[in-house]
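K.L.:
Each residue of the sequence shown is one higher than the last, beginning at 30 in the working numbering. Backbone N, C-alpha and C define an ideal beta-carbon position, used for all residues, glycine too.
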Amino acid sequence: MIIFATNIFLRIVMGNYIRFDWMIKRLLRNKNSHVVLEGFLSVLLDRQIKINKILESESNQEEENQKFNRVDLLVEDEKQEKFLIEVQNDHELDFFQRMAFGASKIITDYMKIGEAYKTLPKVFSINIVYFSLGQGKGYAYHGTTVFKNMFNADDELKLSPAQKSKFGVDEVAGIFPEYYILRVNKFDDEVTTPLKQWISFLKTGEIPDTFTAQGLEEARNVLRVDSLSKEDRQIYRRYLEGLSLAMSLDDSSRYEGYYDGFGAGRAEGRAEGEQLGIAKSRKETAIAMLKEGMSVELAAKISKLSVEEVEKLKEF
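1. Mind checking residue 223: buried by the 16 CB within 10 Å criterion, or exposed?
2. State the CB to CB distance for the pair residue 80 and residue 106, rounded to an integer number of angstroms; the pair is presumed to be in contact (CB under 8 Å).
3. Name the residue from 146, 152, 110 whose alpha carbon lies nearest to the alpha carbon of residue 130.
4. On the criterion of 16 or more Cβ atoms from any shown chain inside 10 Å, does residue 63 qualify as buried, or is it exposed?
5. Would you tell me roughly how many angstroms separate the C-alpha atoms of residue 90 and residue 119, rounded to the nearest one?
6. From residue 263 to residue 205, what distance separates their C-alpha atoms?
7. Excluding sequence positions up to five away, which residues of its chain have a Cβ less than 8 Å from the Cβ of residue 244?
8. Taking residue 109 as the reference, which of 239, 134, 150, 48 has the closest Cα?
9. Quick check on residue 325: does DSSP put it in helix, strand or coil?
10. So the candidates are 147, 249, 219, 75; which of them puts its Cα closest to the Cα of residue 193?
11. Could you tell me whether any Cβ in chain D is nearer than 8 Å to the Cβ of residue 263?
12. Quick check for students: name the residue ranges of the beta strand (DSSP E) that lie wholly in the stretch 132-220, counting only runs of 3 or more.
13. List the residues that DSSP assigns as beta-bridge partners of residue 253.
14. Which first and last residues belong to the alpha helix (DSSP H) in which residue 111 is found?
15. DSSP on residue 78, reduced to helix/strand/coil?
16. Find the nearest neighbour of residue 114 within the set 338, 133, 104, 229, judged by alpha-carbon distance.
17. Taking buried to mean at least 16 other C-beta atoms within 10 Å of its own C-beta, is residue 330 buried or exposed?
18. Please name the residue, chosen from 102, 176, 199, that lies closest to residue 186 on a Cα-to-Cα basis.
19. What three-state label does DSSP hand residue 235 in the structure shown?
20. Once DSSP output is grouped into helix, strand and coil, what is the label at residue 107?
21. Any idea what DSSP makes of residue 224, helix, strand or coil?
22. Is it buried or exposed for residue 256, if we count other Cβ within 10 angstroms and need 16 for buried?
23. Return the CA-CA distance between residue 200 and residue 171, expressed in angstroms with no decimal places.
24. Residue 338 by DSSP, collapsed to three states: which one?
25. By the three-class DSSP mapping on this structure, what secondary structure does residue 33 have?
26. In chain order, what residues of the same chain have a beta carbon less than 8 Å from the beta carbon of residue 339, not counting five sequence neighbours either side?
27. If you draw a straight line from the alpha carbon of residue 25 to that of residue 125, how long is it in whole angstroms?
28. Buried or exposed: which applies to residue 219, given that a residue is buried once 16 or more other Cβ atoms fall within 10 Å of its Cβ?
What follows is the structure in structure tokens.
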């Protein structure tokens, strides 16, 4: 029997430290908080990252059909490399496609028509997910682009000396987008490295005194809940409540939808049932939030419905 695991955020409580996703949505507008994100990026990429500027806090959405490309934060470093950092709390079957779309859109947004291809921006897509994305035994993955000889697996296409000099990179992978995936809910390891300290913090929301990874010392001060103003603390509490509600409804409806499809005895029935369950849960989430007095915009953001769709649910 398959049982959908309850997302760890169903047990959300107001802990000592602010959740990372809320931090990058709100606190990182303050330059004093950049050192926390710089520490995280430096540890993840194993090199020093210095943030030059924040480019956006959610994707510039020019068309309605791009509404699901909800990038939490896009920053640029001193080398003009672009870092998309996204925190995804609930299950999305097509999340890999969403990652590909997000990285591609940054390339097209920041490369002007008529410019030489050598100006192509380097993009890092960093995805912190709290659900079982794909299949794998690990919790930290890094993806790059490599070209293998189709008739000799040991042969890999590399850059020429002239290309290395012109583009300032040593490998083909240095040109294409790179993807990082942290499946936080899968982390259950001994905390022995700086990166594991960060992943432990992302999962538990706690920073023990023994944690010394770059950025976490500053996080102890910047991310303390009791350092928030009274107004921000109330906003943060409502955010946690809304997130917990969304996770609970999504998990329950997806479970019910799966077994509705399972009863039909067909794989396509199970998939269709799950999708119907997700759609149902999003509406239920939005309705519950509206009844709690939350704004249409916040209900839309958490339920992943459009503002127009949520407006239609106000009568329920």
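P.N.:
So, to answer that:
1. Position 194 of the sequence shown, counted from the start, is the residue given in the question as residue 223. So residue 223 counts as buried.
2. Taking the first residue of the sequence shown as 1, we reach residue 80 at position 51. Taking the first residue of the sequence shown as 1, we reach residue 106 at position 77. The pair is a contact, with the Cβ atoms about 6 Å apart (cut-off 8 Å).
3. Locating residue 130 in the sequence shown gives position 101, counting from the first residue. The shortest Cα separation from residue 130 among 146, 152, 110 belongs to 152.
4. Within the sequence shown, numbered from 1, the residue matching residue 63 stands at position 34. So residue 63 counts as buried.
5. Residue mapping note: residue 90 aligns to position 61 of the sequence shown, counting from 1. Residue mapping note: residue 119 aligns to position 90 of the sequence shown, counting from 1. In this predicted model, residue 90 has a pLDDT of only 41, less than 50, meaning its place in the structure is not dependable; the value taken from the coordinates is given anyway. In a straight line, the C-alpha of residue 90 is about 21 Å away from that of residue 119.
6. The residue you call residue 263 lines up with position 234 of the sequence shown. The residue you call residue 205 lines up with position 176 of the sequence shown. Whole-angstrom Cα-Cα distance: 42 Å.
7. In the sequence shown, counting from the first residue as 1, residue 244 sits at position 215. So the qualifying residues of the chain are 64, 65, 66, 67, 68, 69, 71, 72, 227.
8. Here residue 109 is taken as the residue at index 80 of the sequence shown, counted from 1. Residue 150 is the option with its Cα nearest to residue 109.
9. By 1-based counting over the sequence shown, the position of residue 325 is 296. It is helical.
10. For the purposes of this step, residue 193 is taken as residue 164 along the sequence shown, with counting starting at 1. The shortest C-alpha separation from residue 193 is found at 147.
11. Among the chains of the structure shown, chain D does not appear; only one protein chain is present.
12. 152-158, 169-172, 181-185, 207-212
13. Here residue 253 refers to the residue found at position 224 when the sequence shown is read from its first residue. Its beta-bridge partners are 46.
14. Residue mapping note: residue 111 aligns to position 82 of the sequence shown, counting from 1. Note, residue 111: premise wrong, no alpha helix (DSSP H); beta strand (DSSP E) at 111-117.
15. For the purposes of this step, residue 78 is taken as residue 49 along the sequence shown, with counting starting at 1. Residue state, collapsed to three classes: coil.
16. Taking the first residue of the sequence shown as position 1, residue 114 is located at position 85. Closest by alpha carbon: 104.
17. Here residue 330 refers to the residue found at position 301 of the sequence shown. Residue 330 should be labelled buried.
18. Along the sequence shown, one-based indexing puts residue 186 at 157. Out of 102, 176, 199, 176 has the C-alpha closest to the C-alpha of residue 186.
19. Residue mapping note: residue 235 aligns to position 206 of the sequence shown, counting from 1. DSSP places residue 235 in coil when its eight states are reduced to three.
20. Along the sequence shown, read from residue 1 onward, the residue named residue 107 stands at position 78. Residue state, collapsed to three classes: coil.
21. If you number the sequence shown from 1, residue 224 lands on position 195. Three-state DSSP puts residue 224 in a helix.
22. Position 227 of the sequence shown holds residue 256. Per the 10 Å Cβ criterion, exposed.
23. Stepping through the sequence shown from its first residue, residue 200 is reached at position 171. Stepping through the sequence shown from its first residue, residue 171 is reached at position 142. In a straight line, the C-alpha of residue 200 is about 15 Å away from that of residue 171.
24. Numbered from 1 along the sequence shown, position 309 holds the residue referred to as residue 338. Helix.
25. By 1-based counting over the sequence shown, the position of residue 33 is 4. Residue confidence for residue 33 is low, a pLDDT of 35 falling below 50, so the modelled location carries little weight and cannot support an answer.
26. Residue 339 sits at position 310 when you count from the first residue of the sequence shown. Answer for residue 339: 315, 319, 325, 328, 329, 332, listed in chain order.
27. There is no way to answer for residue 25, as the model of the chain reaches only from 30 to 345.
28. Here residue 219 refers to the residue found at position 190 when the sequence shown is read from its first residue. It is exposed - the Cβ of residue 219 has fewer than 16 other Cβ atoms within 10 Å.
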